[in-house]
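Novice: Quick one: the structure is below, and I'll ask about it shortly.
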Amino acid sequence: MQLGFLVDLHLCMGCKGCEIACKVENEVPLSTWRLRVKYVDVGTFPETKRTFTPLRCNHCENAPCERICPVSALHYLDNGIVNIDKDRCIGCAGCVMACPYGAIYIDPQTQTADKCTYCAHRVASSMMPACVVACPVQANIFGDLDDATSNISKYIMKNQGGVQVRKPEKGTNPHHFYVGGGNVSLNPLASHRPDGHSLFNKITTLPVGGHH
Amino acid sequence: MAAHEILAATNAVVTLDVAIPGTVWPWLVTVNMWAKSIGTGVIFMLFLLLKRYPDQVGQLRFPTIVVSIIFIHIFLLFTLADLHQPLRMWHIFFYPSGSSAITIGAWMATAFVGLLFLLAYLSFIKKDNAQFDKTLTWVVALAVPVTLYTAGLMSQCTARELWQMPTESAQMIFAALLAGSAFMILLGGNKLNDDAKKSLSNVLALSAFMSFLLYMAEYFFGPMKAEEIAAVLEYIKGDGPYTVMFWLGQWMAYLLPILFIVLSRTNKSESILRLAAIFALVGLWLVKHVWLTIPQLLPMS
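In structure tokens form, the structure reads like this:
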């Protein structure tokens, strides 16, 4: 079994329900996110469009974070999830530096690395991840990539030409796919990022592990 | 903000997102790398001097080992200080992961410290120079991977395209040779004759030249390889936030020391040579800090 995620960006409407569900389910502290939705505006008035891109850990098959972790705090589960053992983490932040997707952060409460685990605790109880349950338009599709009859496999087969991953050139083989994505939604270098246009207007950089 | 890839036609702007994380590996890591360069570099230089000028360097055995022990401990201390859970450092030895350069480096650095104390014992208590010199060969052999492992660690940072393994490993070795020769010039003082000082200044000038060459190659040709490198190097070009520090470092670590070494030879001035050594050591910190910081400024998502 290899669990994976697919987000149909045609369906996502940027409600951030997944973001909130994740925060609540995993008790993610203030100023940190396991999952977030990025808004990118494209075009010039009146020809404008807004894109929404949920961003989370990609649970790579060839995960740089797992490789660089000196104490195997980041490790693979049998179902392909890249999990984290916070009791073992020494907080070296090597994983934060290695992850090409910016998906790992230092938890300011525990001072250890943390990230999306595809809600491994819920999956272990045969439940869907919290973000999947919360999505009102079923834009998040979660399932077994090894099972050709699973929803995610069917979705990938149906949209073969349009299935993308973030930064494929890194060779990480993400288990997280997007349908309907474009350069501006998946490539961070393809859009302007002016100061003051973020979730926190006056805050341009977040403290690492709560330290200023 | 790097914006070279943004097409005017799309005019794409991030309008809502979380702020970019601050610098994850701060100046503590710069000190770590800088101190390690000195700690292993002086060992390389002691080995070189013992081979070429055994009569001159006898008295430098113990002081050099003390310097190495001090700087390797600064390196270890700042490594520990950078951890968010420093009290769990022991996990590296009890739950090691062989795929991580951090683990390999920690094990090697520990063995290196043990050997340094053995050398200190042989020179200060046992006063056995023959045994010291024999052991030093093994310590030099271990000093090479101890110097290089940080390059391995940086190359394992898949997110930071700027840090490529062949280049970084060369930079680490040149940094150790530069720092080691500079420190030995200061440490040796009047105990070294002109030939020995000339050898050290040759190492200093050559390692400075080669390092400068590597940085300039990256500066001019790096952007042609990958858009991420081009975006990162924007921070040290034009009015980028690290342009001044980058060039200050290049001048202080590499260009001025080369110039001072030439001047010290034409004027037969030992003071100018010492100045070259001091500039090289200070400049090396700046250079390493800029190179450590700029890839961390780029948004990853």
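Chains as they are written, first to last, in the numbering used here: chain A, 638 to 849; chain B, 762 to 1062. Heads up, the beta-carbon is just placed ideally off N, CA and C, and yes, glycines get one too.
For B/GLU988 and B/GLN817, what's the separation of their Cα atoms in angstroms?
Specialist: Those two C-alpha atoms are separated by around 52 Å.
Novice: Of the residues B/LEU807, B/TYR1015, B/GLY800, which one's Cα is nearest the Cα of B/HIS834?
Specialist: B/HIS834 has its Cα closest to that of B/GLY800, out of B/LEU807, B/TYR1015, B/GLY800.
Novice: Quick one: measure Cβ to Cβ for B/LEU938 and B/VAL907, integer angstroms, because I've assumed they're closer than 8 Å.
Specialist: Not quite, the Cβ-Cβ distance comes to about 14 Å (not below 8 Å), so this is no contact.
Novice: Is the beta carbon of B/TYR980 less than 7 Å from the beta carbon of A/VAL708?
Specialist: It is not a contact, given that the beta carbons lie outside the stated cut-off.
Novice: Looking only at its chain, what residues have a beta carbon closer than 8 Å to the beta carbon of A/ARG687, apart from the 5 residues adjacent to it on each side?
Specialist: Excluding sequence neighbours, A/ARG687 sits near GLY651, TYR676, VAL677, ASP678, VAL679.
Novice: Starting from A/GLU684, trace the beta strand (DSSP E) in both directions and tell me its first and last residue.
Specialist: Residues 684 to 692.
Novice: With 7 Å as the threshold, decide whether the Cβ of B/ALA764 is near any Cβ in chain A.
Specialist: At B/ALA764, the pLDDT of 43 sits below 50, so the modelled position is not reliable; the number obtained from the coordinates is stated separately. With 7 Å as the cut-off, B/ALA764 counts as an interface residue toward chain A.
Novice: Spatial neighbours of B/LEU1045 within its chain, please: C-beta separation below 7 Å, excluding the five flanking residues on both sides.
Specialist: Within the same chain, B/LEU1045 has close Cβ partners TRP795, SER798, ALA936, LEU939, ALA940, ALA1014.
Novice: Name the chain A residues that come within less than 8 Å of B/GLU988, Cβ to Cβ?
Specialist: LEU826, listed in chain order.
Novice: List in chain order: all unbroken alpha helix (DSSP H) runs of 4+ residues lying wholly within the region 844 to 903 of chain B.
Specialist: Taking only runs of at least 4 residues, the alpha helix (DSSP H) segments lying wholly in the region 844 to 903 of chain B are 852 to 855, 862 to 881.
Novice: Taking CB distances under 7 Å as the criterion, tell me whether A/MET794 reaches chain B.
Specialist: It does not; no Cβ of chain B falls within 7 Å.
Novice: For the region 856 to 869 of chain B, list every residue whose C-beta sits within 8 Å of some C-beta in chain A, in sequence order.
Specialist: Result list: TYR856, PRO857, SER858, SER860, SER861, ALA862, ILE863, THR864, ALA867.
Novice: Is it right to say A/GLY805 is buried, meaning 16 or more other beta carbons lie within 10 angstroms of its own, or is it exposed?
Specialist: Per the sequence shown, residue 805 of chain A should be read as Pro rather than Gly. Result: exposed.
Novice: A/CYS697 and A/PRO811: beta carbons closer than 7 Å?
Specialist: Against a cut-off of 7 Å, the Cβ pair of A/PRO811 and A/CYS697 comes out as a contact.
Novice: Does B/PRO984 come out as helix, strand or coil in the three-state DSSP assignment?
Specialist: Three-state DSSP puts B/PRO984 in a helix.
Novice: In angstroms with no decimal places, state the Cα-to-Cα distance between B/ALA1041 and A/ILE741.
Specialist: Taking the straight line from one Cα to the other gives about 36 Å.
Novice: Among the residues of its own chain, which have a CB less than 6 Å from the CB of B/PHE885, if the five just before and after it don't count?
Specialist: Same-chain partners within the cutoff: PHE823.
Novice: Any beta carbon from chain B within less than 7 Å of A/LYS807's own beta carbon?
Specialist: At least one chain B Cβ lies under 7 Å of A/LYS807.
Novice: Quick one: what does DSSP say B/PRO815 is sitting in, helix, strand or coil?
Specialist: In this structure, B/PRO815 counts as helix in the three-state DSSP scheme.
Novice: Can you grab the Cα-Cα spacing for the pair A/TYR713 / B/SER858, in whole Å?
Specialist: Cα to Cα, the separation comes out at about 13 Å.
Novice: Since B/ILE1033 is in the beta strand (DSSP E), which residue starts that stretch and which ends it?
Specialist: Taken as a continuous stretch (DSSP letters only), B/ILE1033 belongs to no beta strand (DSSP E), being part of the alpha helix (DSSP H) at 1031 to 1054.
Novice: Of all the residues that make up the region 770 to 781 of chain B, which are near chain A by a beta-carbon distance shorter than 9 Å?
Specialist: The residues in question are ALA770, THR771, ASN772, ALA773, VAL774, VAL775, THR776, LEU777, ASP778, VAL779, ALA780, ILE781.
Novice: Quick check on DSSP: helix, strand or coil for B/TYR1003?
Specialist: Reduced to three states, the DSSP call for B/TYR1003 is coil.
Novice: So B/THR791 packs on B/LEU1053, CB below 8 Å; how close in whole Å?
Specialist: At roughly 5 Å, the Cβ-Cβ gap stays under 8 Å, so B/THR791 and B/LEU1053 are in contact.
Novice: Which ranges would you report for the beta strand (DSSP E) in the region 792 to 834 of chain A if only whole runs of at least 3 residues count?
Specialist: Segments of the beta strand (DSSP E) lying fully in the region 792 to 834 of chain A: 813 to 816.
Novice: Any idea which residues DSSP pairs A/PHE779 with across the strands?
Specialist: In the DSSP output, where bridge partners are listed per residue, A/PHE779 has A/PHE642.
Novice: What separation, rounded to the nearest whole angstrom, lies between the Cα atoms of A/HIS758 and B/ALA862?
Specialist: If you take the alpha carbons of A/HIS758 and B/ALA862, they lie about 30 Å apart.
Novice: What residue range is occupied by the uninterrupted beta strand (DSSP E) comprising A/ALA750?
Specialist: Counting along the chain, the beta strand (DSSP E) containing A/ALA750 begins and ends at 749 to 751.
Novice: Alpha carbon to alpha carbon, what distance is there between B/VAL1005 and B/ALA764?
Specialist: Unreliable placement is indicated for B/ALA764, whose pLDDT of 43 sits below 50; the coordinate value is still reported in the next sentence. Their Cα atoms are separated by approximately 20 Å.
Novice: With the cut-off set at 7 Å, would you say A/HIS813 and A/PHE642 are in Cβ contact?
Specialist: In contact: A/HIS813 and A/PHE642 (Cβ atoms closer than 7 Å).
Novice: Using the rule of at least 16 other Cβ atoms within 10 Å of the residue's Cβ for burial, across every protein chain shown, is B/PHE944 buried or exposed?
Specialist: Label assigned to B/PHE944: buried.
Novice: Among the candidates A/GLN775, A/PHE689, A/ALA771, A/LYS795, whose CA atom is the shortest distance from the CA of B/VAL774?
Specialist: For the residues A/GLN775, A/PHE689, A/ALA771, A/LYS795, the minimum Cα distance to B/VAL774 belongs to A/PHE689.
Novice: If you measure from the beta carbon of B/MET1006 to each beta carbon in chain A, is any gap under 7 Å?
Specialist: False, the Cβ-Cβ gap to chain A never drops below 7 Å.
Novice: Roughly how many whole angstroms lie between the Cα atoms of B/ASP778 and A/LYS660?
Specialist: Those two C-alpha atoms are separated by around 16 Å.
Novice: Would you say B/MET1061 reaches chain A, if we count a Cβ-Cβ gap shorter than 7 Å as a contact?
Specialist: Yes, B/MET1061 counts as interfacial toward chain A.
Novice: Report yes or no: do the region 967 to 982 of chain B and the region 1015 to 1022 of chain B share at least 3 C-beta pairs separated by less than 8 Å?
Specialist: Because the criterion of three Cβ pairs below 8 Å is met, the region 967 to 982 of chain B and the region 1015 to 1022 of chain B touch.
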